[in-house]
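Written below as structure tokens is the structure these notes are about.
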Amino acid sequence: SLYVSEYFSQSAQKLSFYSWYGNAKLFHFHVPEDTVLLRWLLQASRGKGPECTSMEITVHFRHGAPPVINPLGTGFPANATVRPSYNISITLSSAVQNTTFVNVTTPAAGDWFIAAHLPEAAGRIEVKGFSTPCPYMFQADMFVLRLTDMPVLEPGVPMPHTVVSPAKPLHAKVFVPKHAAGMRFQLRSCLTSDQKACAVRVVLGSITLPQSFQKILTCTGSTNCSLALDSPPWEKWLQIMVESLGAANASVSVEMMASFTVCRPGSSSSFLNFISLNQSQAGARPGTTGAAGSSAQAAGEAPRNTSGQRSSCLQNQPVVREDLDVVSVRYRLLNGPSVPVNSLSPTLLLLNLNTGMDSGGSLVVSLLLNKTSVSLANATVVGCVSAASPVLSLNATRNCSTAFSQGYPLSVSAASAEAMLIVLYPQTDDWFLSLQLLCPRGQGECPTAEAKVTVFAYLTPCFNDCGPYGQCSLLRRHGYLYAACSCKAGWGGWSCTDDTKAQSIGAQNLATLLLTLSNLMFLPAIAVAVYRYYLVEASVYTYTMFFSTFYHACDQPGVAVMCIMDYDTLQYCDFLGSVVSIWVTILCMARVKKILKYVLFILGTLLIAMSLQLDRRGVWNMMGPCLFALVIMIAAWVHHGTKRRHCYPSSWKRWVFYLLPGITLAFIAISVYAFMETNENYYYTHSIWHVLVACSVAFLLPPRDKHKKPWAWSKKLTCRYQICQNDREELYAVT
1 SLYVSEYFSQ SAQKLSFYSW YGNAKLFHFH VPEDTVLLRW LLQASRGKGP ECTSMEITVH
61 FRHGAPPVIN PLGTGFPANA TVRPSYNISI TLSSAVQNTT FVNVTTPAAG DWFIAAHLPE
121 AAGRIEVKGF STPCPYMFQA DMFVLRLTDM PVLEPGVPMP HTVVSPAKPL HAKVFVPKHA
181 AGMRFQLRSC LTSDQKACAV RVVLGSITLP QSFQKILTCT GSTNCSLALD SPPWEKWLQI
241 MVESLGAANA SVSVEMMASF TVCRPGSSSS FLNFISLNQS QAGARPGTTG AAGSSAQAAG
301 EAPRNTSGQR SSCLQNQPVV REDLDVVSVR YRLLNGPSVP VNSLSPTLLL LNLNTGMDSG
361 GSLVVSLLLN KTSVSLANAT VVGCVSAASP VLSLNATRNC STAFSQGYPL SVSAASAEAM
421 LIVLYPQTDD WFLSLQLLCP RGQGECPTAE AKVTVFAYLT PCFNDCGPYG QCSLLRRHGY
481 LYAACSCKAG WGGWSCTDDT KAQSIGAQNL ATLLLTLSNL MFLPAIAVAV YRYYLVEASV
541 YTYTMFFSTF YHACDQPGVA VMCIMDYDTL QYCDFLGSVV SIWVTILCMA RVKKILKYVL
601 FILGTLLIAM SLQLDRRGVW NMMGPCLFAL VIMIAAWVHH GTKRRHCYPS SWKRWVFYLL
661 PGITLAFIAI SVYAFMETNE NYYYTHSIWH VLVACSVAFL LPPRDKHKKP WAWSKKLTCR
721 YQICQNDREE LYAVT
């Protein structure tokens, strides 16, 4: 046999602490056909700074779709199917780098996904620039060993072969045709090189994580053995591996044969349905494409009669796939939403999810039983949603399993007429919905009974659009798109349905009131500025108060939300007003000449607006203007003190009752803003920040000029008008 090794790599990603699925870093690989060995090379590293500590990285694996994970232990929506993902932990302790290998023998071909993340986030709000987070990097590389000349086992044709040694197992494959109801594998004429009874182990199928359904057949001391499989995967290659359990130097000769039992499908529609469908969609949606899930009959052929349908092993219902948007698909039944279901053979619907871009959403299947259509009151319609192949034996078992996968059961009856199933991140494959009527006393009791079941099936990015307390986000890794919910107001879970830590309506209203009404503390600062004739500064404070109030009213995570304009605009105006308020206050304290002060006002505001556009949350957007304004203020105060030959400001009362309290409030505000805010206490710590900053501004504003009385300009205007009036009266008297 000729083996070929291939290597696939993706760039490293910086890991994040986990709070929602968007924090998990996703890696997407494609495993080629005929791969007999898959090896993952997982490399994790961290920085060398003192802020870097020991860390545990969790890595999840899944075949066919992104892994469904739950590191926080939150709840999933009702009717959702959850199967734990396969994961390993990588610990970074004293070593800066850790390298881990994960081997998978006979892996399934197709898409494989890896998701890596750090432990749960602490919840502290870190200001960018005040602290340097430790970088944790993760990179996944894939090595595959592929067999280029894998023998093909033809159905019904015996294939002799020799297993050279236990270290070199025999690999073969067989193609499973469509509508295969069962498969029988036989191992015959199994003899060792010295004509003794052989001991071999046969492994059928490939490994798929998190669950693997490989079938193992052990033949010891017997020349013939066989294995029967129900519902093998349709239109796929099935790998077969034969390992020798004998001596190391003894070869084993075997003869393998595979045979299939093919199911004869019956169709409830004819080719005329597709013609009418195309004619109806030609005008409305000329560009719509669809995939039908039924075998079309030839044109002009009459539809099968009822007896013909009952004699087949399954009844196909034609389904059209309608693509609506990214990771958004709707399935429409050509014969209407109601599906006839009987007890003799299952009714089958094909849900096509094999485009490679459908596994990043949620598949929703809903059943509604028409109670008037069931002749037996105690009859039950059972259903099964499965991938790769349908379940064709619903009347015999309800475990909803096929040869190499486990499906998801559904059932409706007169007592419970509705049922829903949510498959999170369905794997890339053809999915099938099987429906059959089960009689209370056995299948022979109701051969003519029939039930009508309304079927709704669709693929959505996020189930229920994450509800009122969540936001559905579309994530991207290279060209692959997938969706996840980001929850708010304390809600959690996959679809933001877990209310364990949810805020009450009263708490949400309190948070909104605190964050908005705390901005009213700028009113004293505005009044002081107007009284002291600092009208430009008062205008800036008014601007800041207005946009900070309505930004926080729009920024709330719960139901108490009011947005007067676009959220991004409100956020930008709030940040701009906050930084400009600090800028103009410190320059006003410098007591420079008016023309220079107003030039610095305008120039500084323009530079601040530019820096906020570049990086809105950078700490230097606030600290830079503050430090530069402080340099100007200190230089101006030194100049005034040198010129007057005493300390400036000269009054001790100014220092004790105004400057020191204002500076103290400002330092406390910065400490609260930079080091104390978390996601839990944000609404009151940030409100304290509003109050402290506004009060510090009122204390730090300098007094007005001694020679200028407040509102002196109005008296000047009145005086000039009086002088002009008196002059005219005197002239009139003289003439």
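Just so we're aligned, residue 1 is where the sequence shown starts under the UniProt record's numbering, counting upward by one. Here a beta-carbon is modelled for each residue, glycine too, at the ideal position from N, C-alpha and C.
Q.
Contact defined as beta carbons within less than 8 Å: I believe L424 pairs with W494. What is the distance between those atoms, to the nearest angstrom?
A. Residue 424 sits at position 424 when you count from the first residue of the sequence shown. Residue 494 sits at position 494 when you count from the first residue of the sequence shown. Correct: roughly 7 Å between the Cβ atoms.
Q) Is there contact here, the region 212 to 220 with the region 171 to 182, by at least three beta-carbon pairs under 8 Å? A) no
Q: List the endpoints of the continuous beta strand (DSSP E) containing I88.
A: For this step, residue 88 is matched to residue 88 along the sequence shown. From DSSP, the beta strand (DSSP E) with I88 extends over Y86 to L92.
Q.
Just verifying my parser: in three-state terms, what is the DSSP assignment at residue 822?
A. Any question about residue 822 goes unanswered here, given that the chain covers just 1 to 735.
Q.
Using only the alpha-carbon positions, how far apart do Q436 and V254 sit?
A. Translated into the one-based positions of the sequence shown, residue 436 becomes position 436. Translated into the one-based positions of the sequence shown, residue 254 becomes position 254. The alpha-carbon atoms of Q436 and V254 are separated by roughly 41 Å.
**Q.** Enclosing alpha helix (DSSP H) for M357 [first to last residue]
**A.** For this step, residue 357 is matched to residue 357 along the sequence shown. Taken as a continuous stretch (DSSP letters only), M357 belongs to no alpha helix (DSSP H), as it is neither H nor E.
Q) Could you give the distance in angstroms between the alpha-carbon of S671 and the alpha-carbon of V329? A) Against the sequence shown, residue 671 aligns to sequence position 671. Against the sequence shown, residue 329 aligns to sequence position 329. Whole-angstrom Cα-Cα distance: 50 Å.
Q: From the DSSP output, in three-state form, read off D230 for me.
A: Locating residue 230 in the sequence shown gives position 230, counting from the first residue. Residue state, collapsed to three classes: strand.
Q. Which residues bound the alpha helix (DSSP H) around T544?
A. Looking up residue 544 in the sequence shown gives position 544. Unbroken alpha helix (DSSP H) run through T544: L535 to C554.
Q. Terminal residues of the continuous alpha helix (DSSP H) containing D568?
A. Locating residue 568 in the sequence shown gives position 568, counting from the first residue. From DSSP, the alpha helix (DSSP H) with D568 extends over Y567 to A590.
**Q.** Distance between R62 and V164 (C-alpha atoms, nearest Å)
**A.** Residue 164 sits at position 164 when you count from the first residue of the sequence shown. Residue 62 sits at position 62 when you count from the first residue of the sequence shown. If I take the Cα positions, the gap works out to 33 Å.
Q) Which word fits residue 764, buried or exposed, when buried means at least 16 other C-beta atoms lie within 10 angstroms of its C-beta? A) Residue numbering for the chain in the displayed model covers 1 to 735; residue 764 lies beyond these limits and cannot be assessed.
(Q) Going by C-alpha to C-alpha distance, which of A674, F8, L314 and P625 sits closest to L348? (A) Locating residue 348 in the sequence shown gives position 348, counting from the first residue. For L348, the nearest C-alpha among the options comes from L314.
**Q.** Cβ-based burial, K488 [other Cβ within 10 Å; buried from 16]
**A.** The residue given as residue 488 occupies position 488 in the sequence shown. K488 is buried by the Cβ-count criterion.
Q: Using only the heavy atoms of the ligand HEM, determine whether one of them is closer than 7 Å to the beta carbon of M256.
A: Among the ligands in the structure shown, none appear at all, so the ligand HEM cannot be discussed.
Q) If I207 sits next to V104, beta carbons under 8 Å apart, how far is it from one beta carbon to the other, in whole angstroms? A) Your numbering for residue 207 matches position 207 in the sequence shown. Your numbering for residue 104 matches position 104 in the sequence shown. That pair is a contact at about 5 Å.
**Q.** Buried or exposed (CB count within 10 angstroms, at least 16 for buried), G73
**A.** The residue given as residue 73 occupies position 73 in the sequence shown. Counting Cβ neighbours within 10 Å, G73 comes out exposed, since fewer than 16 surround it.
Q) N519: buried (16+ other C-beta within 10 angstroms of its C-beta) or exposed? A) Here residue 519 corresponds to residue number 519 of the sequence shown, with the count starting at 1. N519 should be labelled buried.
Q) Comparing alpha-carbon positions, which option in L187, H60, W20 and L42 lies nearest F8? A) The residue you call residue 8 lines up with position 8 of the sequence shown. Selected option, being the one with the closest Cα: L42.
Q) When the Cα atoms are used, what is the spatial distance from D615 to R332? A) As a first step, residue 615 must be located in the sequence shown, where it is residue number 615. As a first step, residue 332 must be located in the sequence shown, where it is residue number 332. Taking the straight line from one Cα to the other gives about 47 Å.
**Q.** 6 Å CB neighbourhood of residue 760 in its chain, flanking five on each side removed
**A.** For residue 760 there is no data in the structure shown, the boundaries of the chain being 1 and 735.
Q.
On the CB-based measure, 16 or more other CB atoms within 10 Å of its CB, does Q508 come out buried or exposed?
A. Working through the sequence shown from its first residue, we reach residue 508 at position 508. The residue is buried, with at least 16 neighbouring Cβ atoms inside 10 Å.
Q. Where does S386 land, buried or exposed, given buried means 16+ other C-beta within 10 angstroms?
A. As a working mapping, residue 386 is identified with position 386 in the sequence shown. Buried is the call here.
Q. On the three-pair Cβ rule with 8 Å, is the region 540 to 557 touching the region 580 to 590?
A. yes
**Q.** Same chain, Cβ closer than 6 Å to L692, five either side skipped, listed in chain order
**A.** As a working note, residue 692 is residue 692 in the sequence shown. Counting only Cβ-Cβ distances below 6 Å, and skipping sequence neighbours, we find L665, I668 and A669.
Q. Just curious, the alpha helix (DSSP H) that S671 is in, first and last residue?
A. Counting from one through the sequence shown, the residue named residue 671 turns up at place 671. S671 -> alpha helix (DSSP H) spans L660 to S671.
**Q.** Whole-angstrom distance between V631 and F17, CA atom to CA atom
**A.** Here the question's residue 17 lines up with position 17 in the sequence shown. Here the question's residue 631 lines up with position 631 in the sequence shown. Roughly 39 Å between the two C-alpha positions.
Q. How many Å lie between A609 and A388 at the Cα?
A. Against the sequence shown, residue 609 aligns to sequence position 609. Against the sequence shown, residue 388 aligns to sequence position 388. Each residue's alpha carbon lies about 57 Å from the other.
Q | Pairwise C-alpha distance: D34 and L187 | A | Position 187 of the sequence shown, counted from the first residue, corresponds to residue 187. Position 34 of the sequence shown, counted from the first residue, corresponds to residue 34. Each residue's Cα considered, the two are about 21 Å apart.
Q) Is residue 746 helix, strand or coil when you go by DSSP? A) This structure gives no information on residue 746, because the portion of the chain shown stretches from 1 to 735.
**Q.** Sheet register partners of S171 (DSSP bridge)
**A.** The residue given as residue 171 occupies position 171 in the sequence shown. Checking the sequence, you will find His at residue 171 rather than Ser. M241.
Q. Can you give the beta carbon distance from G618 to T460, rounded, assuming they're within the 8 Å contact cut?
A. Against the sequence shown, residue 618 aligns to sequence position 618. Against the sequence shown, residue 460 aligns to sequence position 460. Actually they are not in contact, since the Cβ atoms of G618 and T460 sit about 37 Å apart, beyond 8 Å.
Q. Who are the near neighbours of T544 in its chain, counting only those whose CB is closer than 7 Å to its CB and skipping five residues on each side?
A. As a working note, residue 544 is residue 544 in the sequence shown. Taken in chain order, the residues that qualify are F522, G577, S578 and S581.
Q: For the beta strand (DSSP E) holding T678, just list the boundary residues, first then last.
A: Here residue 678 is taken as the residue at index 678 of the sequence shown, counted from 1. Looking at the DSSP string, T678 is not in any beta strand (DSSP E), and its letter there is neither H nor E.
(Q) Suppose you measure from the CA of N464 to the CA of Y533; what does that come to, to the nearest Å? (A) Indexing the sequence shown from 1 puts residue 464 at position 464. Indexing the sequence shown from 1 puts residue 533 at position 533. Roughly 56 Å separates the two Cα atoms.
Q) For the alpha helix (DSSP H) that G467 lies in, which residues bound it at each end? A) As a first step, residue 467 is located in the sequence shown; it is residue number 467 there, counting from the start. Segment: none, G467 is in no alpha helix (DSSP H) and carries neither H nor E.
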